[in-house]
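**Q**
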Ligand code: ADP
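Residue numbers (the numbering used here): 768 to 1257.
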């Protein structure tokens, strides 16, 4: 089976969040199931440098304002990539989505329409070297792909569309439709129209054959008004086509026994190296040496991630003898708040801003507890990495956090199944109570270590989710075949 992945990020070529981790890992996990993939993504600066021997496979003379081409190459890990090289759209420094002023690039509609349009051309057979059986798009940047295919006629391959985060919708003013190569009839409530604007995510939800999201809990939540962002009606209508599949983690990259970023390797069998990492992290961050729990945060700094709640309870966390290390990138105001907190508590709170992959690994290895107080969380990867690294996740009970962490309540502790701590509702008060529970358990080293080992030995890799995607693809192809037969009979 041949599947064309389309996405705006892919680890290790370009990453701003969990989307990149998924798009970089899932295709490799599909290989043992004889699913051959190509990942189509924009050739931002830096992407081509990391792709040795890229060859031109397809010329695109008229790509939204100028010419472009599709280059093919393989990463060192064996990921087959199709890079959309279009300097007028993608050769820009900095973030994939934002200009230097922190605002969206003004032509984002053209940039990601070009990505989606190119995907549709490949799906329709323009690239003889790779003719996909189906197309799998990820997030709003690829939402127009199913729309282009729907309007292309002529029995296009079926499309799957994965929601990694419903909050990012790719909304644009209605008059821009003229630039998008879609017919006016697409601008309707059953199409890509979203409250008077063009919604790229909405297009994906409306036109893809199957929808997935990254945890069963989030798949339920987004059908409600509270989490549906105005799309809950559509998602309820499409409920039969929507499934939640929890992400896996790439254990070649996230494994404390082999991670080159760590001060010492360790495993569930021998946790001694974890203590070395803890000391090294405290030293690196100029924190006081201490026996109390060390809390870690690795996160985008946005309202979604709820770090304002953690800031609110920080005095309690410190008074109870905790220390905290935060690595974050995102909103300037939130950065300032955390910088001030670190300034007020030298030796107890350390913060670093910006994007730092090796430091993220060192926090996962050195912390005792990873705090994820998200207001909503489609899947969340950091709590999965924490489980793998023997760092107990303390999480808001929402979305994928709920699905992947088992709360250390009385019954779960007695049954020996707990792996972390939940709190609900997502308020500072509930977070404070969960922290208190974590402090209490930390003083019981045997119970603590049992939880660490349980998390570390849980199957978190991609093999189970990959199988679920294979089943979905097989289902889609069977449905397409049935449709084809019916059409012939007609
Ligand atoms: P989201 O995709 O919403 O940002 P996830 O938990 O799914 O959240 O994925 C976040 C990914 O980004 C993880 O791989 C995490 O380690 C990484 N990450 C987040 N912030 C940073 C940062 N400032 N520096 C390095 N890695 C980060």
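Virtual Cβ for every residue (Gly too), placed ideally from N, Cα, C.
Hey, residue 899 and residue 770: beta-carbon distance below 8 angstroms or not?
**A** Taking 8 angstroms as the Cβ cut-off, residue 899 and residue 770 qualify as a contacting pair.
**Q** How many Å lie between residue 1215 and residue 1208 at the Cα?
**A** Looking at the two C-alpha atoms, the distance is approximately 6 angstroms.
**Q** Would you identify the three-state DSSP class for residue 1209, choosing helix, strand or coil?
**A** Here residue 1209 sits in helix by DSSP.
**Q** May I ask you to report which of helix, strand or coil DSSP gives residue 1111?
**A** Three-state result, residue 1111: helix.
**Q** Going by Cα to Cα distance, which pick from 1244, 967 and 802 is closest to residue 880?
**A** Among 1244, 967 and 802, the Cα nearest to that of residue 880 belongs to 967.
**Q** Less than 7 angstroms separating the Cβ of residue 786 from some heavy atom of the ligand ADP?
**A** Residue 786: yes, Cβ under 7 angstroms from the ligand ADP.
**Q** Comparing the CB of residue 932 with every heavy atom of the ligand ADP, is any distance shorter than 7 angstroms?
**A** Yes.
**Q** Answer with buried or exposed for residue 962, where buried requires no fewer than 16 other C-beta atoms within 10 angstroms of its C-beta.
**A** With fewer than 16 Cβ atoms within 10 Å of its Cβ, residue 962 is classed as exposed.
**Q** Taking just the CA atoms, how far does residue 1108 sit from residue 1091?
**A** C-alpha separation (whole angstroms): 11 angstroms.
**Q** To which residues does DSSP link residue 1253 through a beta bridge?
**A** Residue 1253 pairs with nothing; no bridge assigned.
**Q** Is the Cβ-Cβ distance between residue 1153 and residue 1190 less than 8 angstroms?
**A** No, they are not a contact pair.
**Q** Which term fits residue 1150, buried or exposed, when burial requires 16 or more other beta carbons within 10 angstroms of its beta carbon?
**A** Result: buried.
**Q** Between residue 814 and residue 773, what straight-line distance do the alpha-carbon atoms span, to the nearest angstrom?
**A** If I take the Cα positions, the gap works out to 15 angstroms.
**Q** Considering just the uninterrupted stretch of the beta strand (DSSP E) at residue 1189, what are its terminal residues?
**A** Counting along the chain, the beta strand (DSSP E) containing residue 1189 begins and ends at 1188-1190.
**Q** Quick one: give me the first and last residue of the alpha helix (DSSP H) that residue 1035 is part of.
**A** Per DSSP, residue 1035 belongs to no alpha helix (DSSP H) and is neither H nor E.
**Q** Secondary structure at residue 965, three-state DSSP: helix, strand or coil?
**A** In this structure, residue 965 counts as strand in the three-state DSSP scheme.
**Q** Here's the rule: buried if 16 or more other CB atoms are within 10 angstroms of the residue's CB, otherwise exposed. What is residue 912?
**A** Residue 912 is buried by the Cβ-count criterion.
**Q** Note down the Cα distance separating residue 1027 from residue 1120, rounded to an integer number of angstroms.
**A** Rounded to whole angstroms, residue 1027 to residue 1120 spans 22 angstroms at the Cα level.
**Q** Suppose the cutoff is 7 angstroms on Cβ atoms and the five residues either side in sequence are ignored; what does the same chain contact list for residue 1232 look like?
**A** So the qualifying residues of the chain are 1012, 1013, 1014 and 1015.
**Q** For the beta strand (DSSP E) holding residue 1062, just list the boundary residues, first then last.
**A** Residue 1062 -> beta strand (DSSP E) spans 1061-1068.
**Q** Using the rule of at least 16 other Cβ atoms within 10 Å of the residue's Cβ for burial, across every protein chain shown, is residue 940 buried or exposed?
**A** Its Cβ having fewer than 16 others within 10 Å, residue 940 is exposed.
**Q** Relative to the ligand ADP, is the shortest distance from any of its heavy atoms to the C-beta of residue 844 smaller than 7 angstroms?
**A** No, the ligand ADP has no heavy atom inside 7 angstroms of this Cβ.
**Q** What I want to know is whether the C-beta of residue 1018 ends up closer than 7 angstroms to one or more non-hydrogen atoms of the ligand ADP.
**A** Result no, Cβ not under 7 angstroms from the ligand ADP.
**Q** I need the boundaries of the beta strand (DSSP E) containing residue 1011, first residue and last residue.
**A** Here the beta strand (DSSP E) through residue 1011 covers 1009-1011.
**Q** Near residue 826, what residues of its chain come up, given a Cβ to Cβ distance below 6 angstroms and the 5 sequence neighbours on each side ignored?
**A** Around residue 826: 836.
**Q** Using DSSP's beta-bridge definition, name the partner residues of residue 830.
**A** Paired residues: 833.
**Q** Assuming residue 889 is part of the beta strand (DSSP E), what are its boundary residues?
**A** It is not in any beta strand (DSSP E) - residue 889 instead sits in the alpha helix (DSSP H) that spans 875-890.
**Q** Have a look at the DSSP bridge pairing and note the partners of residue 841.
**A** Bridge partners of residue 841: 847.
**Q** Distance check for residue 871 and residue 855, CA to CA, integer angstroms please.
**A** Straight-line Cα distance between these residues: approximately 16 angstroms.
**Q** Report the CB separation of residue 1114 from residue 1177 in whole angstroms; it is logged as a contact under 8 angstroms.
**A** About 35 angstroms; that fails the 8 angstroms criterion.
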